[in-house]
Every structure is written in C-alpha cells, then in structure tokens.
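Chemist:
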Amino acid sequence: MEDTIVAMATAMGEASIHILRLSGSEAGKIIEKCFKPQNSERWQLGENFTLNLGLFHDEHKVLDEVLIGKMLSPFSYTGEDVYEINCHGGPYVAQRILQECIRNGARLAEAGEFSKRAFLNGKLDLIQAEAVIDLISSRTETSANLALAQLSGGLSHQITDLREKILEILAYIEAGIDFPEDDVESLDRNNLESLIGKTLSSIEDLLRGSKTGKILRDGLLTVIVGQPNVGKSSLLNALLKEDRAIVTDIPGTTRDEIRESVSVGGILLKLVDTAGICESSDFVERLGIERSWNALKSAELILLVVQANIPLTDVENKILNTYKDKVIVVLNKTDLLKNNQEVVINNNYGLGIPLSILEHRGFDELENAIRKRVFQGDTAISSDPLLSNIRQISSLDNCKNSLNQALESLLQGMPWDILSIDIRHALQHISEITGHNVQESLLDDIFSRFCIGK
Numbered sequence: 440m441e442d443t444i445v446a447m448a449t450a451m452g453e454a455s456i457h458i459l460r461l462s463g464s465e466a467g468k469i470i471e472k473c474f475k476p477q478n479s480e481r482w483q484l485g486e487n488f489t490l491n492l493g494l495f496h497d498e499h500k501v502l503d504e505v506l507i508g509k510m511l512s513p514f515s516y517t518g519e520d521v522y523e524i525n526c527h528g529g530p531y532v533a534q535r536i537l538q539e540c541i542r543n544g545a546r547l548a549e550a551g552e553f554s555k556r557a558f559l560n561g562k563l564d565l566i567q568a569e570a571v572i573d574l575i576s577s578r579t580e581t582s583a584n585l586a587l588a589q590l591s592g593g594l595s596h597q598i599t600d601l602r603e604k605i606l607e608i609l610a611y612i613e614a615g616i617d618f619p620e621d622d623v624e625s626l627d628r629n630n631l632e633s634l635i636g637k638t639l640s641s642i643e644d645l646l647r648g649s650k651t652g653k654i655l656r657d658g659l660l661t662v663i664v665g666q667p668n669v670g671k672s673s674l675l676n677a678l679l680k681e682d683r684a685i686v687t688d689i690p691g692t693t694r695d696e697i698r699e700s701v702s703v704g705g706i707l708l709k710l711v712d713t714a715g716i717c718e719s720s721d722f723v724e725r726l727g728i729e730r731s732w733n734a735l736k737s738a739e740l741i742l743l744v745v746q747a748n749i750p751l752t753d754v755e756n757k758i759l760n761t762y763k764d765k766v767i768v769v770l771n772k773t774d775l776l777k778n779n780q781e782v783v784i785n786n787n788y789g790l791g792i793p794l795s796i797l798e799h800r801g802f803d804e805l806e807n808a809i810r811k812r813v814f815q816g817d818t819a820i821s822s823d824p825l826l827s828n829i830r831q832i833s834s835l836d837n838c839k840n841s842l843n844q845a846l847e848s849l850l851q852g853m854p855w856d857i858l859s860i861d862i863r864h865a866l867q868h869i870s871e872i873t874g875h876n877v878q879e880s881l882l883d884d885i886f887s888r889f890c891i892g893k
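For the sequence shown, the positions run 440 to 893 when our numbering is used.
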C-alpha cells in the first residue's frame, strides 16, 4: 500500500490508443518528471478530473504525445492519486512509457491490485469488487446488467442490513448474559425467536433468487438430445445462426459432443449437441450414445428434440420421466403436420414447444419457455438484487445454518451464552460476503482473478 504502482489498463497489442494507470502517493511526482503539458497554466492549477494534452518524455527525448487524466485522492477508483496516461496504441510506445514510470519510482502492479486498493481504502466492498470481474467477463446483456446492479451497491445494502440485524440479535443475547436476573420485556425469548425468524426469512428470500442469479452469471449447461435425425444438430445451428454441426439425412452423423455457447433471450446457453440415442451395432456410434447419456446427468437444461408427427418412443419417454424437471420437449418438423394433427399432439405432449427449424417457426416460444425456467415462472428478470457468486451464496447459506442452529437451541431452552456461539458464527459468515471480516488469503485469491491493470 506504500508503493506507487503502474500497469497497462488496456490489452497489449496494436490499437488506436493504450491506457496506462498510475496510482499512489508518488504518482504526481512521477508525472511531473515525465510530462510537459501543452497548457502549463491550466496544469499548474491542479484541477481534479481533467484531461491534459502534452508530451511524455524520458531524460533525453520525447516518447509520445499523450493525454493525462488526473483523479486525485480521495475521489478516484483506488482512493489514491490516480493518473491515466492515454498514449498512441503501439505496444512499443506503451512499453517505453511503462518502463519510464518504473524507472522514476513506480513498480509494476500485481493482478487486481488497483481494485484491491479500492477495497482496502473503502471505495468498494467485496461484492462490488467481484461484480467488477463479472462485468468484465459478462457475455450477455442480462449478465452485464446483473453485474452492474451489484456494482451499484443494491446487493451490498441488503447484505449489510442483514448483518446489522444479526448484530442486533447478538447485542440482545449479550444483554441476556450480562443481566440474567433482569426481568425486562426486551429480553423475552419469544421476542428473540421473532427476530431470528424474520432474519432467516430475509436470507431465504435472497437464497431463493441465487439460483437465477448464478445462471445469469455463469450460463446454463444445456444438452440437446434425441433420436437420430430428429433435428438436434439443425437446432444447434439455428440457435448459433451458423452451420457449426454437419447436418445430413444419414442417421448417426453426430458421433461426438459438439460444444458451443450462445445467448438466447439474454441467457447464456452452454450448448452440448449429442449423438442420437438409439440401438447401434457400430462401436464408435455406441461410444457417442454412451456420452449422450452421461451428458444428461450433468445437464441443467435438456432440450429433448422429437419429431412432431411421430409418437414418443420408449427412449424419449425414459428421458422425459427420468429428467422431467430439466426437460423442455421440442416438437420439431411441425411443417409435416396437418392442421387436425397439431392439436392432438400438443395435448399429448403438454410441455412441448411446436417448432419448425426448416421454416424457422417457434423459436420465440422456445425462448420464452427457457426464460420461464430460469426466472421461475416469469419471463422478465426481477428488479430485486440477486446473489450470483458461489462464494457469496456459500457464506450466506452457512449464515442461515448457524441461525437455524441458534433458533433450535433457543426452542430447547439453552442458556444465552450457548445461543451467542451460533449467532457469532452467523455474523462471521455474513461478514465474509462484503469483507467486514475477511482473511488476507481470501483477498489474495479474489483479486488474483483480476487482470493486471484493474
């Protein structure tokens, strides 16, 4: 924290511009040594949040014409004096400027060190810091919006409010320990039971939405399965809008898994196209079929593709019955149906989505069905903050378990000091989420996942 750090904030390579970020107590002195502003009078005013054009030089020569962004403590990303050097986008130019900053006293920043300093200086909590990673790596509109919502502090406020409630419960119990003979209504066990119950209810609401949040953040492992020649690979190609899989009229064309990712209705589907499930004497095809069955076990969503004008086979019924909660039945080749057949087949399938890949019909209905699965019956994302990070979900779940244990002890008439042990554990777990109480090793693990310069 005492060092002044510098790093590339943009990916190295040829580009229109590169940005280098400099942060720390000596950042201003380094810039003064290396930067000659075009408008020296304005520069001397020392105004914050300004862009200044000028020349960046070493001891002997000009290295580049640059724009310097000035963001002074405490009103910067890290909470320290921060200067961002916008130079021309050649990697050689940027490297020379980086080396000159290091020569004048800065050191190369470690991965995520700017964001780590922002956390240590109280500019971000851990939820917001991890939202920065999620925003950078987001691949769909909904995952980006989720990360932005967490970065804005909505989820942090909810977790902080829960932490305050647990602190209130702990203070209540400590009063019971300190004044065991005090017959005051505020120390009534029924009141304590109500406080713990309300806090548990709020935690359970957050955990209920975490399944949706995790899907929006990480995507949904989606396996496309069915008999040979029902249109599995055609569905993959249609969703990707490219000819990724070979499509022929010959059964058994797909023999191995094909994996691709695509955004459908703002949800990242991690698609797995599998070999057609059937009886086969071909050894290679049988291996592919075995992989298809194995893929179903790990799938979070199964698109069971069937031919709309043919009744369900035993294999299709087996998949539907075994994985019913995961399955969306896709009734492909509805272009082959007569009008009087369509009603009968829809009634028989119930969950079926009529589709014609050939005529590109039914894809809006399929998208809505997928969104309903993710958003638990609705098709729109909730405006409430959503947990999405496994670390945060695990900590909140541990907090809930500790509160449940405290509630059980309370109902069994345990002494106040026994209750306080579980409440302190609950407080510890929820404090880990925002970083109110966190070990250095966890911080190192979280911020090491950032790129250098962030």
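For glycine and all other residues, C-beta sits at the position ideal for the given N, C-alpha and C.
Of all the options Gly892, Ala448, Ala865, which has the alpha carbon lying nearest to the alpha carbon of Ile642?
Modeler: Taking the first residue of the sequence shown as 1, we reach residue 642 at position 203. The option with the nearest alpha carbon to Ile642 is Ala865.
Chemist: On the CB-based measure, 16 or more other CB atoms within 10 Å of its CB, does Ile575 come out buried or exposed?
Modeler: Sequence index remark: in the sequence shown, residue 575 carries index 136 (1-based). Ile575 comes out exposed.
Chemist: Using a threshold of 8 Å, state whether the C-beta atoms of Cys473 and His496 are closer than that.
Modeler: Residue numbering aside, residue 473 sits at position 34 when the sequence shown is read from its first letter. Residue numbering aside, residue 496 sits at position 57 when the sequence shown is read from its first letter. Cβ atoms of Cys473 and His496: closer than 8 Å.
Chemist: Mapping DSSP to helix, strand and coil, what is Leu751?
Modeler: In the sequence shown, counting from the first residue as 1, residue 751 sits at position 312. It is coil, neither helix nor strand.
Chemist: Would you kindly check if the distance between the Cβ of Asn837 and the Cβ of His868 is under 8 Å?
Modeler: Mapped onto the sequence shown, residue 868 falls at position 429. Mapped onto the sequence shown, residue 837 falls at position 398. Against a cut-off of 8 Å, the Cβ pair of Asn837 and His868 comes out as a contact.
Chemist: Between the stretch 844-852 and the stretch 626-646, do three or more beta carbon pairs fall short of 8 Å?
Modeler: These segments touch.
Chemist: Exposed or buried, Arg647, counting other C-beta atoms within 10 Å across all chains shown (16 or more means buried)?
Modeler: As a first step, residue 647 is located in the sequence shown; it is residue number 208 there, counting from the start. Arg647 comes out exposed.
Chemist: At the level of alpha carbons, what is the spacing between Arg546 and Val501?
Modeler: Start at 1 with the first residue of the sequence shown, and residue 546 comes out as number 107. Start at 1 with the first residue of the sequence shown, and residue 501 comes out as number 62. Distance between the alpha carbons of Arg546 and Val501: 22 Å.
Chemist: Within the same chain, show all residues whose beta-carbon is closer than 6 Å to that of Ile458, passing over the 5 residues directly before and after it, in chain order.
Modeler: For this step, residue 458 is matched to residue 19 along the sequence shown. Here the set comprises Ala448, Thr449, Glu523, Asn525.
Chemist: By the three-class DSSP mapping on this structure, what secondary structure does Arg894 have?
Modeler: Nothing about residue 894 can be reported from this structure: the residues present for the chain run from 440 to 893 only.
Chemist: To which residues of the same chain is Leu511 closer than 6 Å at the C-beta, ignoring the five residues directly before and after it?
Modeler: Within the sequence shown, the letter at position 72 stands for residue 511. Same-chain partners within the cutoff: Asn487, Asp520.
Chemist: Express the C-alpha separation of Val669 and Glu681 in angstroms, rounding to a whole number.
Modeler: One-based indexing of the sequence shown puts residue 681 at position 242. One-based indexing of the sequence shown puts residue 669 at position 230. Answer to the nearest angstrom: the Cα atoms are 19 Å apart.
Chemist: To the nearest angstrom, how far is it from the Cα of Ala570 to the Cα of Leu645?
Modeler: Locating residue 570 in the sequence shown gives position 131, counting from the first residue. Locating residue 645 in the sequence shown gives position 206, counting from the first residue. Using only the alpha carbons, I get a separation of about 17 Å.
Chemist: For Pro690, does the three-state DSSP call read helix, strand or coil?
Modeler: Sequence index remark: in the sequence shown, residue 690 carries index 251 (1-based). Caution applies to Pro690, whose pLDDT of 47 falls short of 50 and renders its modelled position unreliable; the value that the coordinates give is listed next. Of the three classes helix, strand and coil, the one that applies to Pro690 here is coil, per DSSP.
Chemist: Would you say Ser859 and Glu613 are within 8 Å of each other, going by their C-beta atoms?
Modeler: Stepping through the sequence shown from its first residue, residue 859 is reached at position 420. Stepping through the sequence shown from its first residue, residue 613 is reached at position 174. Result yes, Cβ atoms of Ser859 and Glu613 sit closer than 8 Å.
Chemist: Within its chain, find whatever has a CB closer than 8 Å to the CB of Val711; leave out the 5 residues flanking it on each side and keep chain order.
Modeler: Here residue 711 corresponds to residue number 272 of the sequence shown, with the count starting at 1. If we look at Val711 and ignore the five residues flanking it on each side, its Cβ neighbours are Leu660, Thr661, Val662, Ile663, Glu696, Ile697, Arg698, Ala734, Ala738.
Chemist: Ends of the beta strand (DSSP E) at Ala446?
Modeler: Translated into the one-based positions of the sequence shown, residue 446 becomes position 7. Element bounds for Ala446: 444-447.
Chemist: Could you give the distance in angstroms between the alpha-carbon of Gly493 and the alpha-carbon of Pro530?
Modeler: Taking the first residue of the sequence shown as 1, we reach residue 493 at position 54. Taking the first residue of the sequence shown as 1, we reach residue 530 at position 91. Straight-line Cα distance between these residues: approximately 20 Å.
Chemist: Tell me the rounded alpha-carbon separation between Ala583 and Leu655.
Modeler: Mapped onto the sequence shown, residue 583 falls at position 144. Mapped onto the sequence shown, residue 655 falls at position 216. Looking at the two C-alpha atoms, the distance is approximately 9 Å.
Chemist: DSSP three-state label for Tyr611, please.
Modeler: Start at 1 with the first residue of the sequence shown, and residue 611 comes out as number 172. Reduced to three states, the DSSP call for Tyr611 is helix.
Chemist: Cβ atoms of Phe889 and Ala550: under 8 Å apart, would you say?
Modeler: Here residue 550 corresponds to residue number 111 of the sequence shown, with the count starting at 1. Here residue 889 corresponds to residue number 450 of the sequence shown, with the count starting at 1. Result yes, Cβ atoms of Ala550 and Phe889 sit closer than 8 Å.
Chemist: Quick check on Val783: does DSSP put it in helix, strand or coil?
Modeler: Numbered from its first residue, the sequence shown carries residue 783 at position 344. Here Val783 scores only 44 on pLDDT, less than 50, and its place in the model should not be relied on; the value that follows carries that caveat. Three-state result, Val783: helix.
Chemist: On the three-state DSSP scale, how would you describe Gln477?
Modeler: Position 38 of the sequence shown, counted from the first residue, corresponds to residue 477. DSSP places Gln477 in coil when its eight states are reduced to three.
Chemist: Using DSSP with H/G/I as helix, E/B as strand and the rest coil, what is Phe495?
Modeler: Sequence index remark: in the sequence shown, residue 495 carries index 56 (1-based). The answer is strand: DSSP assigns Phe495 an E or B state.
Chemist: Please state whether DSSP places Pro824 in a helix, a strand or coil.
Modeler: As a first step, residue 824 must be located in the sequence shown, where it is residue number 385. The answer is coil: DSSP assigns Pro824 none of H, G, I, E or B.
Chemist: Measure the C-alpha to C-alpha separation of Thr443 and Leu675 and round it to an integer number of angstroms.
Modeler: The residue you call residue 443 lines up with position 4 of the sequence shown. The residue you call residue 675 lines up with position 236 of the sequence shown. Their Cα atoms are separated by approximately 51 Å.
Chemist: Between Ser462, Glu804, Ile857, Leu740, which lies nearest to Asn771 when the distance is taken from Cα to Cα?
Modeler: Counted from its first residue, the sequence shown places residue 771 at position 332. Closest option to Asn771, Cα to Cα, is Glu804.
Chemist: Helix, strand or coil: how does DSSP classify Tyr522 here?
Modeler: Translated into the one-based positions of the sequence shown, residue 522 becomes position 83. It is a strand residue.
Chemist: Under the three-state reduction of DSSP, which class applies to His457: helix, strand or coil?
Modeler: Here the question's residue 457 lines up with position 18 in the sequence shown. His457: strand per DSSP, three-state reduction.
Chemist: Can you give me the Cβ contacts of Ala466 inside the same chain, cut-off strictly under 6 Å, excluding the 5 residues immediately before and after it?
Modeler: Working through the sequence shown from its first residue, we reach residue 466 at position 27. Correct list, in chain order: Thr443, Asp520, Tyr522.
Chemist: Tell me whether the beta-carbon of Pro824 lies closer than 8 Å to the beta-carbon of Gln483.
Modeler: By 1-based counting over the sequence shown, the position of residue 824 is 385. By 1-based counting over the sequence shown, the position of residue 483 is 44. Against a cut-off of 8 Å, the Cβ pair of Gln483 and Pro824 comes out as no contact.
Chemist: State the Cα-Cα distance for the pair Leu594 and Ser649, rounded to the nearest angstrom.
Modeler: Reading the sequence shown from its first residue, position 155 is the one you call residue 594. Reading the sequence shown from its first residue, position 210 is the one you call residue 649. Cα to Cα, the separation comes out at about 12 Å.
Chemist: Rounded to the nearest angstrom, how far is the Cβ of Val769 from that of Ile758, given a contact under 8 Å?
Modeler: Position 330 of the sequence shown, counting from 1, holds the residue named residue 769. Position 319 of the sequence shown, counting from 1, holds the residue named residue 758. The pair is not a contact, with the Cβ atoms about 12 Å apart (cut-off 8 Å).
Chemist: Between Gln831 and the rest of its own chain, which residues show a CB-CB distance below 6 Å, the 5 nearest in sequence each way excluded?
Modeler: The residue you call residue 831 lines up with position 392 of the sequence shown. So the qualifying residues of the chain are Ile872.
Chemist: With 16 as the cutoff for other CB atoms within 10 Å, does Ala568 come out buried or exposed?
Modeler: Sequence index remark: in the sequence shown, residue 568 carries index 129 (1-based). By the neighbour-count rule (16 or more Cβ atoms within 10 Å), Ala568 is buried.
Chemist: Could you check where the alpha helix (DSSP H) with Thr581 kicks off and where it finishes?
Modeler: By one-based count along the sequence shown, residue 581 stands at place 142. Residues 580-590.
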